[in-house]
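Under full-length UniProt numbering, the first residue of the sequence shown carries the number 1, and numbering increases by one thereafter. I have placed the structure first, in the form of structure tokens, so that the comments after it can refer back to it.
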Amino acid sequence: GPSSRIRASGASGRFPPSVDPARKAGAALRSVHESDPRALTNLARGIDNEWVKIDFASTMRRLARYRGRVGIDADLYEAMAAVPPPHASEPRAAHTDPTPEHFVLDESGTLTLVDWEWATLAPPEWDLSKAAWLLRIRAGSGPAEALQEGYGQTLDRVEMDRWIVYHAAMMLIYEAEQRMSDAGADSYSDTVNEILRVIEGAGA
């Protein structure tokens, strides 16, 4: 789900944002994606590449309604709307909201992925991009790279940037719809800054 907020600093949750736990988190995501999806959902199809293409375009149209509220100027919105949708591989069992807070590392060193309300069949890139992106914000590029190493795959930079634009747009819409109408644009600035960071690469 898109409900997780970006916090550039502050709370890091129950998951230590360092290299070794990040590598374990990547391995945990890989095990989810390689698991039997029948234990997770009775869906036969799930979120596939065609679904992502349609939803990406729909997300950009929805974002237009909140553009002023969240601090997206006309030029940035135009650039976002011109970004090609990210590629989605065949759907597999997926968590879809693997934020740092949803990885729990206990005293014995066992890592658990919790909060499965949004689990479904989805492209593995959905989980991998979101987990690595949010971890990069919280802890820097080292742990984010370690997570992808633990997973056994590093996303292409252009594809990662396109997934970030998609995730960020969904977050902005969710936040705009949930907050009171007087919330200032500054409260969305961390997310908008992430879009500004990747927008050029995403349009490549």
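The beta-carbon is built from N, C-alpha and C at its ideal position, and this holds for glycine as well.
Secondary structure at residue i, three-state DSSP: helix, strand or coil?
{"i": "V158", "result": "helix"}
{"i": "T120", "result": "strand"}
{"i": "R92", "result": "strand"}
{"i": "V165", "result": "helix"}
{"i": "R15", "result": "First, the residue type needs correcting, since residue 15 is Phe and not Arg in the sequence shown. DSSP places F15 in coil when its eight states are reduced to three."}
{"i": "H33", "result": "helix"}
{"i": "residue 229", "result": "Any property of residue 229 remains undetermined from this structure, which presents the chain solely from 1 to 204."}
{"i": "P21", "result": "helix"}
{"i": "Q153", "result": "coil"}
{"i": "D73", "result": "coil"}
{"i": "V83", "result": "coil"}
{"i": "D186", "result": "helix"}
{"i": "R136", "result": "helix"}
{"i": "T99", "result": "coil"}
{"i": "G201", "result": "helix"}
{"i": "R61", "result": "helix"}
Less than 8 Å between the CB atoms is what I'm expecting for residue i and residue j, so what's the real figure, rounded?
{"i": "D115", "j": "D97", "result": "7 Å"}
{"i": "H33", "j": "A132", "result": "About 14 Å; that fails the 8 Å criterion."}
{"i": "P84", "j": "P123", "result": "At roughly 15 Å, the Cβ-Cβ gap does not stay under 8 Å, so P84 and P123 are not in contact."}
{"i": "E159", "j": "E125", "result": "7 Å"}
{"i": "Y188", "j": "G71", "result": "5 Å"}
{"i": "L29", "j": "L128", "result": "6 Å"}
{"i": "P21", "j": "L105", "result": "5 Å"}
Would you kindly work out how many angstroms separate the C-alpha atoms of residue i and residue j, rounded to a whole number?
{"i": "A144", "j": "G184", "result": "30 Å"}
{"i": "D161", "j": "S108", "result": "35 Å"}
{"i": "K53", "j": "A88", "result": "9 Å"}
{"i": "I173", "j": "T191", "result": "11 Å"}
{"i": "Q148", "j": "V19", "result": "11 Å"}
{"i": "G142", "j": "L134", "result": "12 Å"}
{"i": "M80", "j": "M60", "result": "7 Å"}
{"i": "D36", "j": "G152", "result": "19 Å"}
{"i": "F56", "j": "E78", "result": "14 Å"}
{"i": "A119", "j": "N49", "result": "17 Å"}
{"i": "G26", "j": "L63", "result": "31 Å"}
In or out: residue i buried (at least 16 other Cβ within 10 Å) or exposed?
{"i": "residue 212", "result": "The structure shown does not extend to residue 212, since the chain spans only 1 to 204, so no value can be given for it."}
{"i": "Q178", "result": "exposed"}
{"i": "E175", "result": "buried"}
{"i": "E117", "result": "exposed"}
{"i": "T99", "result": "buried"}
{"i": "R65", "result": "exposed"}
What does DSSP give as the partner residues of residue i in its beta bridges?
{"i": "P104", "result": "In the sequence as presented, Pro is not what sits at residue 104; that position holds Val. Looking at the DSSP assignment, V104 forms a beta bridge with T112."}
Compute the minimum distance between the beta carbon of residue i and the heavy atoms of the ligand GDP, and state whether it is under 7 Å.
{"i": "V19", "result": "For the structure depicted, the ligand GDP is absent and the ligand set is empty, with no information on it obtainable."}
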